[in-house]
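Asks: Residue numbers (UniProt numbering): 1 to 74.
This is how it looks when you write it as structure tokens:
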């Protein structure tokens, strides 16, 4: 992947796991807040499935833009 920074310590697996865990927790909080409001406004749980499908399609679009090596950045 990317080389470690020259002026700082090397990032370890613990840092990566902490970032992923925090992102997962934040996504669950945001999902609960948004979906609770959407279900309350529409009055039906079908809106939960429609929203989940829409965000799934959005995720399929954005997954094409993931950078896995430095050459892909240009």
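From the three backbone atoms N, C-alpha and C, an ideal C-beta is built for every residue, glycine too.
Please read all numbers here as calculations on a predicted model, not as lab measurements.
To the nearest angstrom, how far is it from the Cα of residue 44 to the Cα of residue 63?
Replies: Computed Cα separation, rounded: 30 Å.
Asks: For residue 60 and residue 7, what's the separation of their Cα atoms in angstroms?
Replies: So the alpha carbons of these two residues sit roughly 36 Å apart.
Asks: Give me the Cβ distance between residue 15 and residue 35, rounded to the nearest whole Å; I'm assuming they're in contact under 8 Å.
Replies: Rounded, the Cβ-Cβ distance is 30 Å, inconsistent with contact.
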